[in-house]
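Scroll down for the structure; my scribbles are underneath it.
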Amino acid sequence: MNLFGILNKIDEYLDAAGVPHDAKALYATKARGAIAGAFDTFYQSGGFPESLRYISAREYAESVYQKVLLGDIVARNGVRNPDALRVLMKKVAETVCNEISATALHGMLRGLGYSVSKGTLLNYLAMAREAYLLFEVKNAVAKFVEREGNPKRYFSDNGLLNLFLIGKEPTLLENEVAVAMRDVFGEKLHYLKSSKNGIDVDFYVPGQGLAVQVTYSLSNSSKPREVGNLVKLARIDKSIQRLLIVTKEEEGEIIEGDTRIEVKPAWKFLLQDLV
0 MNLFGILNKI DEYLDAAGVP HDAKALYATK ARGAIAGAFD TFYQSGGFPE
50 SLRYISAREY AESVYQKVLL GDIVARNGVR NPDALRVLMK KVAETVCNEI
100 SATALHGMLR GLGYSVSKGT LLNYLAMARE AYLLFEVKNA VAKFVEREGN
150 PKRYFSDNGL LNLFLIGKEP TLLENEVAVA MRDVFGEKLH YLKSSKNGID
200 VDFYVPGQGL AVQVTYSLSN SSKPREVGNL VKLARIDKSI QRLLIVTKEE
250 EGEIIEGDTR IEVKPAWKFL LQDLV
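Once you know that position 1 of the sequence shown is 0 in numbering that gives the first Met the number 0, the rest is easy, because the numbers rise by one and skip nothing.
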């Protein structure tokens with residue numbers, strides 16, 4: 000559900016921006032460049048349609064965050080400590096894309112001098128989810144208590160997340176992929192982390208046989224991790240039908256034995272696979 004008119008889907012954003020993205024455009028060099036350029040703005044500035052008319056999309060996102068989202072959360076729920084709520088959202092942004100428990104977040108707030116109870120913190124997180132500011136992705140293989148207690152949290156719009164980040168393009172890229180996949184798969188979207196099997200996969204949709212790793216670039220340092228985890232998963236989970244690595248720009252395929260891994264730029268993955 001989308002209460003604020005956010006253009007979560009890349010095709011909606013391209014329509015609003017007047018960028019052609021039909022099948023013909025996908026195979027034309029100039030049109031592909033225009034799509035990739037529009038995606039650069041989309042994944043950094045977010046999908047608020049009004050921001051397309053503003054010189055500073057960041058200022059518009061800031062006004063939405065301050066006046067609408069947090070104002071609505073505080074006023075509607077009678078939040079007694081709005082400063083603690085604001086700091087909590089900042090800490091969630093700083094740890095976005097990582098599994099982190101409410102206990103760890105509670106410790107961060109206490110370390111900064113905010114004496115809210117853990118129950119209150121959990122309520123704040125629930126309020127943020129109800130206001131469609133945040134959503135959670137849970138571990139597919141963890142025990143119930145661990146799955147509920149150690150989710151990965153993502154922001155529902157990159158423009159809002161980017162208010163807290165400086166020079167974090169890889170984080171923004173993963174958050175954008177999470178938003179798009181959540182929009183398609185809902186609660187069926189998980190991450191997969193197993194200490195027993197040594198597997199760590201960013202996104203996993205068991206019912207679809209789909210596993211996705213997100214990395215800004217397949218550099219020499221990141222390639223072994225991204226490829227290795229998908230190969231291990233394919234050997235263990237015979238229901239896996241499709242393995243992907245989503246990058247900022249790189250495209251191709253990787254063959255490891257009898258395992259095939261697609262490599263796609265994020266704009267193409269969102270446009271071809273998630274609309």
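Ideal Cβ positions, reconstructed from N, Cα and C, are used throughout, including at glycine.
In this text the structure is predicted, and so the values were computed from the model without any measurement.
Rounded C-alpha distance that separates residue i from residue j
i	j	result
S100	D10	34 Å
A24	A35	12 Å
L121	L84	11 Å
D14	S221	34 Å
T170	G77	32 Å
Y131	D39	23 Å
N1	G185	In this prediction, N1 has a pLDDT of 46, which is less than 50 and means its spatial position is unreliable; nothing more can be read from the coordinates.
Y203	E252	19 Å
D47	R57	Strictly speaking, residue 47 in this sequence is Phe, with Asp absent from that position. Cα to Cα, the separation comes out at about 10 Å.
Y26	G17	18 Å
Y12	D257	38 Å
D182	F41	16 Å
I260	V211	10 Å
K117	Y59	32 Å
Q165	T102	Checking the sequence, you will find Ile at residue 165 rather than Gln. One C-alpha to the other measures close to 26 Å.
P81	K66	13 Å
A22	E61	35 Å
A125	L242	33 Å
S55	T28	29 Å
Y113	N219	42 Å
D201	A74	35 Å
A179	L188	11 Å
For residue i, the first and last residue of its enclosing alpha helix (DSSP H)
i	result
L160	N157 to L160
D201	That residue, D201, is in no alpha helix (DSSP H); its beta strand (DSSP E) goes I198 to V204.
S62	A56 to S62
F41	T28 to S44
R128	K117 to E129
V91	P81 to E93
I311	Any property of residue 311 remains undetermined from this structure, which presents the chain solely from 0 to 274.
A179	E168 to F184
Proximal residues to residue i (C-beta, below 7 Å), its chain only, five neighbours per side dropped
i	result
L160	A92, V95, F154, L171 and N174
L87	L104, L108, L120 and Y123
K231	N196, G197 and I198
V115	N80, A83 and L108
N97	K151
A127	I72, M88 and L133
E255	V226 and V230
L111	V86
L68	A130 and L132
Own chain residues within Cβ distance below 8 Å of residue i, not counting five before or after
i	result
Y64	L159 and L162
K90	L104, M107 and L108
Q240	Q207, G208 and L209
V140	L191, K192 and S193
E250	V262, K263, P264 and K267
Delimiting residues of the beta strand (DSSP E) encompassing residue i
i	result
I9	It is not in any beta strand (DSSP E) - I9 instead sits in the alpha helix (DSSP H) that spans I9 to A16.
T258	T258 to P264
F154	K151 to F154
Rounded distance between the beta-carbons of residue j and residue i, thought under 8 Å
i	j	result
N149	L191	Not a contact, Cβ separation roughly 13 Å.
N157	Q43	7 Å
A30	P19	6 Å
Residue i CB to nearest heavy atom of the ligand MN below 7 Å
i	result
R224	Only the bare structure without any ligand can be found here, which leaves the ligand MN out of the picture.
Cut-off 6 Å between Cβ atoms - residues of its own chain near residue i, not counting five sequence neighbours on either side
i	result
A177	Y153
P223	none
E135	P150 and R152
**OP:** Please confirm if the segment 225-233 is in contact with the segment 192-209, defined as three or more CB-CB distances below 8 Å between the two stretches.
**Re:** yes
**OP:** Determine contact between the segment 231-238 and the segment 264-274, defined as no fewer than three beta-carbon pairs at a distance below 8 Å.
**Re:** no
Original post:
Does the segment 205-219 come within contact of the segment 244-261, defined as at least 3 CB pairs closer than 8 Å?
Top reply: yes
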